[in-house]
Each structure stands twice: as structure tokens, then as C-alpha cells.
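Worksheet: the structure to be examined is printed underneath.
In the numbering used here, the protein residues as written are 316 to 481.
Pasting the structure below:
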């Protein structure tokens, strides 16, 4: 007997058909993995001993004891300490580096930063930081040269001033 005195209908129990899910179908239903990041952070309180090598962006908030060889940029945060040489495209130092630095594009030494070693770079910016070592300015990397207006000859320009001629 159902609620309020009515009769309940009983549905016949049949077999339900389930499609068998294949292994590949299960993976097709999963969302795609996120794109890998090119950023690495060595957090405050972490000490990394060894060689950091590769491509991307590395931010050091902790301590690195070893060589850093990177195609990309390195940032040594105010809490960061590096004991070893750094070679990268771009380097920014707000913490402490005890070793030489080769920055292929540019090097920025912030007011809170200190470098105890020699530096080589194309562009050096020092914001009252401390540099205990020598600096060597590298030749700027070859970039495609822009044509200057004075290099354009009048013989290479042709104009058609015919207006309304039939």
C-alpha cells in the first residue's frame, strides 16, 4: 500500500544494458593536463645542493650550493643565497651571490643585493647594491639590423603621379 491509501505500481525488473567502457574511452573523458610551467621556485627554508641546468625561469628564495646554468632568467630574492657560479640570459640579484655571474643579456643588482665575485654581461644595472669583484662588459648579441632612413636611396623609390589621365 502506498501513501494516502493508494496502491503502488510495481515496475517489472528488467536487465539494464550497460555499454562496456574501454580503457581508451576512460582517458578521453579525463580533462587535459595543465600546460607545464617554465618557472621553478626554490622556496625559503630549502637548500638545494647540486647543478641547476635547463631552460626557463628560476627564482631562488632559499639557498643553492652549486652551479646554475640556464637558458632563461634567474632571480635571487632578498632571502636567497647562491654559493656558486651563475650563467643565464638574465640575472636579477636582490639577495646574496657568492660566485661569478655571466648574464648573456642583462644583470641587475638591486639595492638589497650583494655579489661576491666577477660579473660578465652586456648590460649592467646597479641600484646601490654591493659588488665585490670585477665587471666585464660583453658584446651585445647580434640582432637583426633595422634599415635607417638615411640608407634608403631615392633611386630605389618609384612613384606614379598620373592623376586623371585617360
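Glycine included, each C-beta is placed from N, C-alpha and C at the ideal position.
* **Cβ neighbour criterion (16 or more within 10 Å) applied to residue 391** => buried
* Bridge partners of residue 371, per DSSP? -> 387
* To do: Would you mind sorting residue 311 into buried or exposed? The rule is 16 or more other CB atoms within 10 Å of its CB.
  => Shown here, the chain extends from 316 to 481; a query on residue 311 therefore has no answer.
* **Cα-Cα separation, residue 454 to residue 437** => 6 Å
* When the Cα atoms are used, what is the spatial distance from residue 411 to residue 427? -> 9 Å
* Asked: Nearest chain C C-beta to residue 399 closer than 7 Å, yes or no?
  -> In the structure shown, chain C cannot be found, because there is only a single protein chain.
* Which term fits residue 425, buried or exposed, when burial requires 16 or more other beta carbons within 10 angstroms of its beta carbon? -> buried
* To do: Below 8 Å on the Cβ atoms is my guess for residue 380 versus residue 399; work out the distance and round it to an integer in Å.
  => 6 Å
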